[in-house]
Amino acid sequence: MAGRLLKVSSLATAAFASSGFYLYNRRLDLNDLSIVRFGRAAATTTAISYDYLTAFKHVEHGTEEYQALKSKVHRRSAKRLLDLCCANRGTFIKVGQHLGALDYLLPEEYTSTLKVLHSRAPQSSMEEIQEVLREDLGKELSELFVSFEETPQGTASLAQVHKAVLHDGRTVAVKVQHPKVQRQSSKDILVMEVLLRAVHWLFPDFAFMWLVEEAKKNMPLELDFLNEGRNAEKVASMLAHYPFLKVPMIHWDLSTKRILTMEFAEGGEVNDRAYMKKHGINVNEISENLGKMYSEMIFVHGFVHCDPHPGNVLVRKCPQHKKTEIVLLDHGLYQILQPDFRLDYCQLWQALINGDMPKVERYSRRLGAGDLYPLFACVLTARSWTAVNTGISAVPVTQSEDVEIRTNAALYLPQISELLNRVPRQMLLLLKTNDLLRGIETTLGTRAASSSFINMSRCCIRALARHKRSKARSRRKRLQITLSESLRLWKLSLFELFLWVKDSVLVHWLAALLPFGH
Numbered sequence: 170m171a172g173r174l175l176k177v178s179s180l181a182t183a184a185f186a187s188s189g190f191y192l193y194n195r196r197l198d199l200n201d202l203s204i205v206r207f208g209r210a211a212a213t214t215t216a217i218s219y220d221y222l223t224a225f226k227h228v229e230h231g232t233e234e235y236q237a238l239k240s241k242v243h244r245r246s247a248k249r250l251l252d253l254c255c256a257n258r259g260t261f262i263k264v265g266q267h268l269g270a271l272d273y274l275l276p277e278e279y280t281s282t283l284k285v286l287h288s289r290a291p292q293s294s295m296e297e298i299q300e301v302l303r304e305d306l307g308k309e310l311s312e313l314f315v316s317f318e319e320t321p322q323g324t325a326s327l328a329q330v331h332k333a334v335l336h337d338g339r340t341v342a343v344k345v346q347h348p349k350v351q352r353q354s355s356k357d358i359l360v361m362e363v364l365l366r367a368v369h370w371l372f373p374d375f376a377f378m379w380l381v382e383e384a385k386k387n388m389p390l391e392l393d394f395l396n397e398g399r400n401a402e403k404v405a406s407m408l409a410h411y412p413f414l415k416v417p418m419i420h421w422d423l424s425t426k427r428i429l430t431m432e433f434a435e436g437g438e439v440n441d442r443a444y445m446k447k448h449g450i451n452v453n454e455i456s457e458n459l460g461k462m463y464s465e466m467i468f469v470h471g472f473v474h475c476d477p478h479p480g481n482v483l484v485r486k487c488p489q490h491k492k493t494e495i496v497l498l499d500h501g502l503y504q505i506l507q508p509d510f511r512l513d514y515c516q517l518w519q520a521l522i523n524g525d526m527p528k529v530e531r532y533s534r535r536l537g538a539g540d541l542y543p544l545f546a547c548v549l550t551a552r553s554w555t556a557v558n559t560g561i562s563a564v565p566v567t568q569s570e571d572v573e574i575r576t577n578a579a580l581y582l583p584q585i586s587e588l589l590n591r592v593p594r595q596m597l598l599l600l601k602t603n604d605l606l607r608g609i610e611t612t613l614g615t616r617a618a619s620s621s622f623i624n625m626s627r628c629c630i631r632a633l634a635r636h637k638r639s640k641a642r643s644r645r646k647r648l649q650i651t652l653s654e655s656l657r658l659w660k661l662s663l664f665e666l667f668l669w670v671k672d673s674v675l676v677h678w679l680a681a682l683l684p685f686g687h
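When the letters of the sequence shown are read in order and numbered with the numbering used here, they come out as residues 170 to 687.
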């Protein structure tokens with residue numbers, strides 16, 4: 170028995186030693202091994218689950234002590250999740266960034282902790298970048314570019330961007346995918362699915378499977394840079410009537426599924442108020458133009474850029490005509506809205522703006538919210554139920570209301586989780602997009618500005634009229650619809666003019682002079 174045991178242990182030692190020698194010779198990073206990545210994710214999930222299962226045993230539910238402890242557990246768990254994302258990188262960072270953007274859907278402890286992932290993305294070495302360029306374009310770096318900056322302009326979870334100069338003198342941005350991401354992504358998503366199912370079994374209220382479903386659907390699209398190039402060209406053509414929008418031109422001859430070469434565009438991030446002040450850029454103009462772009466994408470075309478975090482939205486004075494421009498980058502993630510969904514969404518937003526509660530309920534239910542429609546209205550607008558009842562355009566956002574919404578995100582997490590599993594999948598990326606845009610508006614101090622509601626209303630009116638015209642059978646009916654649309658848009662323009670006059674410097678100056686006249 171002892172001899173057999175000795176033989177088995179000797180064989181095991183030899184196998185382990187040869188495996189170690191093989192890994193050393195291959196210079197394999199342990200982080201590349203699926204078993205290591207799975208083990209790390211499983212250990213983190215176990216630690217978080219155990220913390221939630223045991224932390225509240227001796228604390229009475231609903232007390233101040235319970236709330237304080239819950240906040241600490243949220244914070245600890247978010248930190249563990251952050252460490253896991255940073256260690257496993259790639260898809261894990263991408264999903265972590267997605268969670269960090271859900272300000273009004275997840276507890277503040279999670280979103281504030283995970284937000285740092287936008288600046289914690291891994292960086293590939295220059296050797297790895299050259300290898301991808303060589304494999305995909307079949308040439309050495311010097312054959313492709315006159316110069317190529319080794320330090321990336323920006324690094325993200327899936328790729329990094331380098332500034333380079335072509336042989337004809339044009340400056341370009343070269344987006345190169347991290348070499349290991351493609352191979353690891355499908356395995357990483359499978360790991361997340363297995364672990365989330367285990368967590369759902371332990372905590373039935375935790376129903377975040379929508380997160381995995383979204384990752385499964387979107388990750389292959391985001392990893393195909395040719396798809397990103399096509400999206401960029403489509404949105405540039407679709408919004409060509411906006412002179413303030415700049416979408417960098419794609420160099421197709423130097424682009425593949427893992428490489429995207431585009432025109433280089435400089436600018437400051439959209440939430441950088443100091444940059445805007447230095448370059449004489451009007452904050453309100455930027456906020457209004459951003460609202461115009463997104464309202465048209467969502468309500469009129471149903472083709473929506475779904476990653477408007479500040480690093481992907483730059484502002485600048487155009488070098489040629491010195492007018493203010495918005496530069497829209499990273500076109501990998503777009504949501505295509507189905508016509509019926511888009512039209513119901515138009516009707517819902519019009520009802521929310523006007524405080525039409527019967528329509529708020531009707532269209533919320535049509536969009537899958539069911540009896541959770543009050544919660545859905547609050548989640549969609551990030552406003553209190555009181556503000557929703559009054560009409561969100563009539564009530565300004567207060568700091569206390571913002572705190573109330575964030576607090577409720579933690580209190581109603583099971584209901585929010587259920588709601589997100591109910592609504593159509595198209596809604597999930599829209600909610601993320603809404604939160605990112607709200608974050609920009611909050612930083613710029615333009616949240617809930619009347620101009621944003623006017624732009625939304627204008628686009629909703631156009632979208633609904635266009636749909637009605639497509640269904641009308643007679644020329645007379647189409648003419649009636651067009652006249653009705655023109656009248657409503659004219660009224661909206663008059664209201665906009667009234668607001669501008671009311672807020673103009675001249676009116677304030679005349680109001681100040683009136684007492685002296687008396």
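All C-beta atoms, glycine included, are put in the ideal place defined by N, C-alpha and C.
For clarity, every value in this text was computed on a predicted model and none was experimentally measured.
Beta carbon of V439, beta carbon of L392: below 8 Å?
no
If you compare alpha carbons, which of T215, N387, T260 and S246 is closest to S203?
T260
Verify whether the separation of the beta carbon atoms of A556 and V592 is less than 8 Å.
In this structure, A556 keeps its C-beta atom at 8 Å or more from the C-beta atom of V592.
In this structure, how does DSSP classify K239 when only helix, strand and coil are distinguished?
helix
Between which two residues does the beta strand (DSSP E) containing A401 stretch?
First-last for A401: F394 to M407, but that is the alpha helix (DSSP H), not the beta strand (DSSP E).
With DSSP as the reference, label V334 as helix, strand or coil.
strand
How do the segment 467-477 and the segment 505-519 stand: do at least 3 beta-carbon pairs fall below 8 Å, yes or no?
Yes, since at least three Cβ pairs between the segment 467-477 and the segment 505-519 fall closer than 8 Å, the two stretches touch.
Spatial neighbours of V228 within its chain, please: CB distance less than 6 Å, with the 5 preceding and 5 following residues excluded, ordered by chain position.
Excluding residues within five positions, the ones whose Cβ falls inside 6 Å are E234, Y235 and L238.
Which two residues bound the contiguous alpha helix (DSSP H) that contains T602?
In the DSSP assignment, T602 falls within the unbroken alpha helix (DSSP H) covering R594 to L613.
Determine the contact status of Q240 and I217, defining contact as a CB-CB distance below 8 Å.
The question names Gln, but residue 240 is Ser in the sequence shown. Result no, Cβ atoms of S240 and I217 do not sit closer than 8 Å.
How about V381 and F375: do their beta carbons lie closer than 8 Å?
The Cβ atoms of V381 and F375 do not sit closer than 8 Å to each other.
By DSSP, does G307 sit in helix, in strand, or in coil?
coil
Rounded to whole angstroms, what's the CA-CA distance from A563 to M445? Just pull it up for me.
Going by the C-alpha atoms only, they are around 29 Å apart.
Could you check if S293 is buried or exposed, using at least 16 other CB atoms within 10 Å of its CB as the buried criterion?
buried
If you draw a straight line from the C-alpha of P348 to the C-alpha of Q489, how long is it?
37 Å
Name the two residues that bound the continuous beta strand (DSSP E) containing T340.
Looking at the DSSP string, the run of the beta strand (DSSP E) that includes T340 is T340 to Q346.
Consult DSSP for F468 and reduce its assignment to one of helix, strand or coil.
helix
Short check: CB of L268 to CB of R209, under 8 Å?
Contact flag unset, no.
Whole angstroms are fine: how far does the CA of T576 sit from the CA of E277?
8 Å
Does the Cβ-Cβ distance between T282 and L271 come in under 8 Å?
no
Enumerate in chain order the residues of its own chain whose CB-to-CB distance from N523 is below 6 Å, with the five nearest sequence positions on each side excluded.
Here the set comprises G560.
Could you check the C-alpha separation between H336 and V548 for me, to the nearest Å?
51 Å
Taking the alpha-carbon positions, what's the L192 to D201 distance?
Its pLDDT being 42, under 50, L192 is placed unreliably by the model, and the measurement read from it follows with that caveat. For L192 and D201, the distance between alpha carbons rounds to 11 Å.
Counting along the chain, where does the beta strand (DSSP E) carrying M378 start and finish?
According to the DSSP assignment, M378 belongs to no beta strand (DSSP E) but to the alpha helix (DSSP H) extending over M378 to E391.
Let's see if you can read the secondary structure: which residues bound the beta strand (DSSP E) around Q504?
Y503 to I505
Rounding to the nearest angstrom, what Cα-Cα distance links E494 and L597 in this structure?
29 Å
Label G231 either buried or exposed according to how many other C-beta atoms from any shown protein chain fall within 10 Å of its C-beta, with 16 as the threshold for buried.
exposed
Are at least three pairs of beta-carbons, each pair with one atom in the segment 405-420 and one in the segment 326-334, less than 8 Å apart?
no
Just curious, the alpha helix (DSSP H) that K528 is in, first and last residue?
M526 to R535
Pull up the distance between the alpha-carbon of H500 and that of G323, whole angstroms please.
15 Å
Does DSSP put V416 in a helix, a strand or coil?
coil
Count the other CB atoms within 10 Å of the CB of K461; is the residue buried (16 or more) or exposed (fewer)?
With 16 or more other Cβ atoms within 10 Å, it is buried.
Apply the 10 Å Cβ neighbour rule to A384 and answer buried if 16 or more other Cβ atoms are within range, or exposed otherwise.
The Cβ neighbour count for A384, taken over all protein chains shown within 10 Å, is at least 16; the residue is labelled buried.
Buried or exposed, going by whether 16 or more other CB atoms sit within 10 Å of the CB of D604?
buried
Could you tell me the boundaries of the beta strand (DSSP E) in which F426 lies?
This sequence places Lys at residue 426; Phe is not what is there. Careful: K426 lies outside any beta strand (DSSP E) and carries neither H nor E.
Applying the 10 Å Cβ sphere with the 16-neighbour rule, what's the burial state of S542?
According to the sequence as given, residue 542 is Tyr; it is not Ser. Its Cβ being crowded by 16 or more others within 10 Å, Y542 is buried.
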